[in-house]
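Enquirer: Take this structure, written in structure tokens, and hold onto it; I'll ask about it next.
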Amino acid sequence: MRTKIVAGNWKMNKTPAEAKALIAAIRAELDGLDCPVEVVVCPPFVALAVAAEALKGSRIGLGAQTMHAAASGAFTGEVSAAMLVETGVKYVILGHSERRTLFGETDAAVNAKTQAALAAGLTPIICVGETLQEREANRTADVVTSQLKGSLAGLGAALERCVIAYEPVWAIGTGRTATPGQAQEVHALIRRVLAELAGGKVANGVRIQYGGSMKPDNAAELMAQPDIDGGLIGGAALKADSFAAIVKAGC
Ligand code: PGA
């Protein structure tokens, strides 16, 4: 059985002081909850240290939203895996569609970052997903397959330490959620591609999150699908009550 994983992608929201307050509110909802779901929050870089402190003694994990593949060097504005680890970070979102479209991140870059994250002991959450135009042109399977093959190339059995997030771009921040059936279809395809890359045993153990307008009122039905192992939550992760309700929907 795969342990479900629900992660909050805060994007460029919450100052350090606001992050501290949101974590306190999330802990008030979730501390002591008897639920096997793995919970992660991913604040902006500058809030990570404060967040690590605020999460002490809780079972909620800390994640970052991106990182650079290199260990150090002349990469103005960037942050390395080792810097994240020293700050208390355990997870890192890689290849989010906003990184891919707004910051030109390619599959090759996501692959390099994934290798660096794994080498540093971080759990990468690797995002894939098609645009509306690609879905309407019946290209979803091709696009997702090629993103997976490019982003996960050469990982072999280390793939079992990765989390995949299927985030249809047309569902992100739009209020338009994929139906459980639409999402399950792509999740099953993702698992078949993972099996091709690393064998059935590894593929069966990899958690595949759904992301894109996941909310308290659609989370349970989505996470009840056989290949949906949690969620990557944007907007609904910015409020403690909705984030906690989504976690509870996966319990
Ligand atoms: P959303 O964002 O939940 O606001 O749609 C999800 C994401 O981009 O990870």
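According to our numbering, the sequence shown is numbered sequentially starting from 17.
The beta-carbon is built from N, C-alpha and C at its ideal position, and this holds for glycine as well.
1. Hey, would you say Ala181 sits closer than 8 Å to Gly227, going by beta carbons?
2. Can you tell which of Thr82, Thr122, Glu183 and Glu69 has its C-alpha closest to the C-alpha of Thr103?
3. Just how far apart, CA to CA, sit Val95 and Met83?
4. Heavy atom of ligand 1 less than 7 Å from the Cβ of Asn25, yes or no?
5. Between which two residues does the beta strand (DSSP E) containing Val108 stretch?
6. Helix, strand or coil for Leu238? Go by DSSP, reduced to three states.
7. Tell me whether Val222 is buried or exposed, calling it buried when 16 or more other Cβ atoms sit within 10 Å of its Cβ.
8. Indicate the three-state DSSP secondary structure (helix, strand or coil) for Glu54 in the structure shown.
9. Evaluate the contact criterion for the region 20-34 versus the region 55-67: three or more CB pairs, one atom per stretch, below 8 Å.
10. Measure the Cβ-Cβ separation of Leu138 and Val179 and say whether it is below 8 Å.
11. Contact defined as beta carbons within less than 8 Å: I believe Glu146 pairs with Val185. What is the distance between those atoms, to the nearest angstrom?
12. Is it the case that the Cβ atoms of Ile76 and Leu46 are separated by a distance below 8 Å?
13. What separation, rounded to the nearest whole angstrom, lies between the Cα atoms of Arg151 and Thr193?
14. Measuring only from the beta carbon, is Glu146 closer than 7 Å to any heavy atom that is part of ligand 1?
15. On a CA-only basis, which of Gly89, Gln81, Ala90 and Leu118 is nearest Val108? Give me that one, please.
16. Alpha carbon to alpha carbon, how far is Val55 from Asp233?
17. Identify whether Gln163 lies in helix, strand or coil by the three-state DSSP scheme.
18. Which residues mark the beginning and the end of the beta strand (DSSP E) in which Ile244 is found?
19. What's the gap between the Cα of Thr92 and the Cα of Gly266?
20. So Asp245 packs on Arg18, CB below 8 Å; how close in whole Å?
21. Within 10 Å of its beta-carbon, does Asp158 have 16 or more other beta-carbons around it, so buried, or fewer, so exposed?
22. Tell me whether Asp243 is buried or exposed, calling it buried when 16 or more other Cβ atoms sit within 10 Å of its Cβ.
Expert: According to the data block:
1. Yes, the Cβ-Cβ distance between Ala181 and Gly227 is below 8 Å.
2. Taking each of Thr82, Thr122, Glu183 and Glu69 in turn and checking the Cα distance to Thr103, the smallest one comes out for Glu69.
3. C-alpha separation (whole angstroms): 5 Å.
4. Yes, Cβ of Asn25 sits closer than 7 Å to a heavy atom of ligand 1.
5. Run containing Val108: Tyr107 to Leu110, per the beta strand (DSSP E) assignment.
6. Leu238: helix per DSSP, three-state reduction.
7. Classification for Val222: buried.
8. In the three-state DSSP reduction, Glu54 falls in the strand class (E or B).
9. In short, these stretches touch, since the Cβ pair count reaches three.
10. Val179 is positioned such that its CB atom lies no closer than 8 Å to that of Leu138.
11. Contact flag correct, Cβ pair sits at about 7 Å.
12. At a Cβ-Cβ threshold of 8 Å, Ile76 and Leu46 count as neighbours.
13. Taking the CA atoms as reference points, Arg151 sits about 14 Å from Thr193.
14. The answer is no for Glu146.
15. Out of Gly89, Gln81, Ala90 and Leu118, Gln81 has the C-alpha closest to the C-alpha of Val108.
16. When rounded, the distance between both Cα atoms is 18 Å.
17. Looking at Gln163 - three-state DSSP - the assignment turns out to be helix.
18. First-last for Ile244: undefined, no H or E at that position.
19. About 40 Å.
20. Going by Cβ atoms, the distance from Asp245 to Arg18 rounds to 5 Å, so yes, they are a contact pair.
21. Asp158 comes out exposed.
22. Burial of Asp243 is indicated by the presence of at least 16 other C-beta atoms within 10 angstroms of its C-beta.
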